[in-house]
Amino acid sequence: MTVPSWTTACPDWERRVMAGESLVPCGPLFQQDATMGLDYFRSLPAVDVIGSPTPTLGEISRKWMLDLVGAIFGAYDRDTGRSLIREFFLLISKKNGKSTNAAGIMLTALLVNQRNSGEMGILAPTVEVANGAWRPARDAIFASEELSKLLHVQEHIRTITHRTTGATLQVVAAESETVAGKKWIVTLVDELWLFGKKPGADRMLLEATGGLASRPEGFVLYSSTQSDEPPAGVFKEKLDYARAVRDGRIVDPQFLPVIYEHPKWVLERRLERDPRYFYVTNPNLGASVDEEYLARELGKAEAGGEAKMRIFLAKHLNVEIGLNLRSDRWVGADWWIAAGRPELTLEQVIERCEVLELGIDGGGLDDLLGVCVAGREAATGAWLTWHHAWAHPSVLERRKSEAARFSGFAETGQMTLVEKIGDDVAEVADIAARMDASGKLDKIGVDPVGIGAIVDAITDTGIDIERIVAVSQGWRLAGAIKTCERKLAEGALHHGAMELMAWCVGNCKIEPKGNAMLITKQASGVAKIDPVMAMFNAVELLSRAPAAAVSRYSEEDSIAWV
Numbered sequence: 000m001t002v003p004s005w006t007t008a009c010p011d012w013e014r015r016v017m018a019g020e021s022l023v024p025c026g027p028l029f030q031q032d033a034t035m036g037l038d039y040f041r042s043l044p045a046v047d048v049i050g051s052p053t054p055t056l057g058e059i060s061r062k063w064m065l066d067l068v069g070a071i072f073g074a075y076d077r078d079t080g081r082s083l084i085r086e087f088f089l090l091i092s093k094k095n096g097k098s099t100n101a102a103g104i105m106l107t108a109l110l111v112n113q114r115n116s117g118e119m120g121i122l123a124p125t126v127e128v129a130n131g132a133w134r135p136a137r138d139a140i141f142a143s144e145e146l147s148k149l150l151h152v153q154e155h156i157r158t159i160t161h162r163t164t165g166a167t168l169q170v171v172a173a174e175s176e177t178v179a180g181k182k183w184i185v186t187l188v189d190e191l192w193l194f195g196k197k198p199g200a201d202r203m204l205l206e207a208t209g210g211l212a213s214r215p216e217g218f219v220l221y222s223s224t225q226s227d228e229p230p231a232g233v234f235k236e237k238l239d240y241a242r243a244v245r246d247g248r249i250v251d252p253q254f255l256p257v258i259y260e261h262p263k264w265v266l267e268r269r270l271e272r273d274p275r276y277f278y279v280t281n282p283n284l285g286a287s288v289d290e291e292y293l294a295r296e297l298g299k300a301e302a303g304g305e306a307k308m309r310i311f312l313a314k315h316l317n318v319e320i321g322l323n324l325r326s327d328r329w330v331g332a333d334w335w336i337a338a339g340r341p342e343l344t345l346e347q348v349i350e351r352c353e354v355l356e357l358g359i360d361g362g363g364l365d366d367l368l369g370v371c372v373a374g375r376e377a378a379t380g381a382w383l384t385w386h387h388a389w390a391h392p393s394v395l396e397r398r399k400s401e402a403a404r405f406s407g408f409a410e411t412g413q414m415t416l417v418e419k420i421g422d423d424v425a426e427v428a429d430i431a432a433r434m435d436a437s438g439k440l441d442k443i444g445v446d447p448v449g450i451g452a453i454v455d456a457i458t459d460t461g462i463d464i465e466r467i468v469a470v471s472q473g474w475r476l477a478g479a480i481k482t483c484e485r486k487l488a489e490g491a492l493h494h495g496a497m498e499l500m501a502w503c504v505g506n507c508k509i510e511p512k513g514n515a516m517l518i519t520k521q522a523s524g525v526a527k528i529d530p531v532m533a534m535f536n537a538v539e540l541l542s543r544a545p546a547a548a549v550s551r552y553s554e555e556d557s558i559a560w561v
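Note that numbering that gives the first Met the number 0 numbers the sequence shown so that position 322 is 321, with each residue one more than the last.
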């Protein structure tokens, strides 16, 4: 048989999602197996849906889901015994039948499987999620006399066994059970966003999906809603990859993404909050998703403030959170995302500015070492900032909950994971030397606590110690904090749109002190904010209106901020 030609890119996804069309980019590669898989899937009882007799998945499923099921089982090439599409990625809002449909797909895989004693698994991040995936599969079997005869349910170990082939489907909770040694043919990774918060999740998923190496007929389905925090770890990695495949920036015909999210222009106009646009990320609106319920939840979120609104948008409308905004957040966080300029690099800050300040904070073994290079642009007077952070491996051990996030920052060059103590300070000194060589460095502002090694490294580059200024912390830093807020609100402070900084800014908590609202590490707890504190140190110096170095740049040379 001739191998079919196909693409898993969906470059017209914006038109499709706005038109309410299916986002599955290709049809079944092999119709015979697609039809068989769809027949099994359609016949499964949907016990959690009201109706008498119990409706089937075929009766309640909409076209987008049937298209996905057809693509999954229609990718199997009987001549070679291989699945030509090995990975599927589904991102969809809550209450769109994700758990019920995923259970149906896994039961279908168990029914069509031809490998004796084959193993399949649903990997969930928590016991609660595991139970949510287990119940629809179990109940579908109990509701069907035919399935009950064919499939044996073992409740205590959440395992279903095919009585003829001996193949099994097991539901595993990652927080209490191990996936070591699993040789799953088919794997469903449920609620991938929660795995993004787990240290070592990448190794866990590699172990869980390793069976594909010797079982070419298998596949992996990653299923998730959006994260209630800025995406991190394996979730962010898979989401970024899925978007790149969908958009055609990466060509990978063995990876099929289905991502229900709003086009950028909808978000820019804040139309996602309009009930008329609820359908965009809720293809089951009017079926498993009640429009009246969403409208009421939107009203409650609006009354609860921006923090509650962000969670509503993330879970029910699949809007990616850029900042984790809470009720006790720093006011400047509300303008932070809008101030981002992805093209702004360290080189550009040094080049475009007429005067530079360097802010430094942190550096303990349990801290990040954060720096901020801040400057006043020669032609426009705008304040430009660039940020970086360093972390010692001990931080990854002490803060295992953030290890995946830090690794992601390191992979994108926003953070450096140093191999030995002292490397971080040496790199900070190199940055100070580069700034000084430009002739534009005014001063270096540091937290006066624990700065000995930093001072030594910087003065070793030839920078006079008198240019290293101890910036008072606590209530004395309130002026710099307020200045940052005003500059951000005015659109007069710009940064490099780093995810590292969005996370740190989202971690900042305000603490009332008399008439002032302060940001301190004590108020923020274990959450890391060192690069933000470094920014306040730099802003404190920049707000003193330091004299400009001789500028070689005209207004025509300045960056056009759009």
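Backbone N, C-alpha and C fix where the C-beta goes; we use that ideal spot for every residue, glycine too.
Please read these numbers as outputs of a predicted model, since none were measured by experiment.
About 4 Å separates the Cβ atoms of Gly-117 and Ala-166, confirming a contact at the 8 Å cut-off. Per DSSP, the unbroken alpha helix (DSSP H) holding Pro-530 starts and ends at 529–541.
9 Å or more divides the Cβ of Ser-213 from the Cβ of Ile-320.
Contact between the segment 11–20 and the segment 255–265 is present: 3 or more CB-CB pairs across the two stretches fall below 8 Å.
Look at the beta carbons and you see the segment 428–442 not touching the segment 493–504: under three pairs across the two are nearer than 8 Å.
DSSP, read as helix, strand or coil, puts Gln-253 in coil. Scanning its chain for C-beta atoms nearer than 6 Å, with the 5 sequence neighbours on each side dropped, one finds around Leu-146 the residues Ile-140, in chain order.
Within the same chain, Leu-368, Thr-415, Val-417 and Asp-423 come within 6 Å of Trp-389 by CB-CB distance, once the 5 residues on both sides are set aside. Counting along the chain, Gly-451 sits inside the alpha helix (DSSP H) bounded by residues 451–458. Its chain contains Arg-328, Trp-329, Ala-332, Ile-518, Ser-523, Ile-528 and Val-531 as the residues whose beta carbon lies nearer than 7 Å to that of Cys-507, once the 5 sequence neighbours on both sides are disregarded; these appear in chain order. Closest by C-alpha distance to Ile-453, out of Ala-432, Thr-280, Ser-437 and Gly-473, is Ala-432.
A Cβ-Cβ distance of about 20 Å is found for the pair Lys-62 and Ser-98, leaving them out of contact under the 8 Å criterion.
Apart from sequence neighbours up to five positions away, no residue of its chain approaches Arg-543 with a beta-carbon distance below 6 Å. A Cβ-Cβ contact shorter than 9 Å links Ala-403 with Lys-197. Unbroken alpha helix (DSSP H) runs of no fewer than 4 residues, entirely contained in the segment 404–486, are found at 422–436 and 451–458, following chain order.
Trp-12 counts as buried, since no fewer than 16 other beta carbons sit within 10 angstroms of its beta carbon. Linking Leu-204 to Ile-121 through their CA atoms gives a straight-line distance of about 11 Å. Within the model, the alpha-carbon separation for Val-46 versus Gly-96 is close to 12 Å.
For a cut-off of 8 Å, the C-beta gap from Ser-143 to Pro-44 is around 5 Å, short enough to register as a contact.
Nearest Cα to Asp-38 within the set Leu-193, Gly-57 and Ala-428: Gly-57. For Pro-135, the closest of Phe-40, Cys-9, Gly-80 and Lys-237 by C-alpha to C-alpha distance is Phe-40. The C-alpha of Glu-484 lies about 18 Å from the C-alpha of Val-372. Beta-bridge partners assigned by DSSP to Ala-390: Leu-367 and Leu-416. Taking a C-beta distance under 9 Å as the contact criterion, Ala-102 and Ala-132 qualify as a contact pair. Under the three-state reduction of DSSP, Leu-122 is assigned to strand. Residue range 218–223 is occupied by the beta strand (DSSP E) that includes Ser-222.
Under the three-pair Cβ rule at 8 Å, the segment 299–316 does not count as touching the segment 455–466.
Rounded to whole angstroms, the separation of the alpha carbons of Leu-65 and Asn-115 is 27 Å. In chain order, Gly-339, Arg-340 and Pro-341 place their CB closer than 7 Å to the CB of Ala-496, counting only its own chain and leaving out the 5 sequence neighbours on each side. In its chain, beyond the 5 residues on either side, Glu-86, Thr-186 and Thr-208 have a beta carbon closer than 6 Å to the beta carbon of Val-219. Remark: C-beta atoms of Thr-125 and Ala-172 approach each other more closely than 9 Å. Taking the CA atoms as reference points, His-161 sits about 21 Å from Ala-33. Across the structure, Ala-479 and Glu-236 are spaced so that their CA atoms are roughly 35 Å apart. In the displayed model, Cys-503 falls within a helix according to three-state DSSP.
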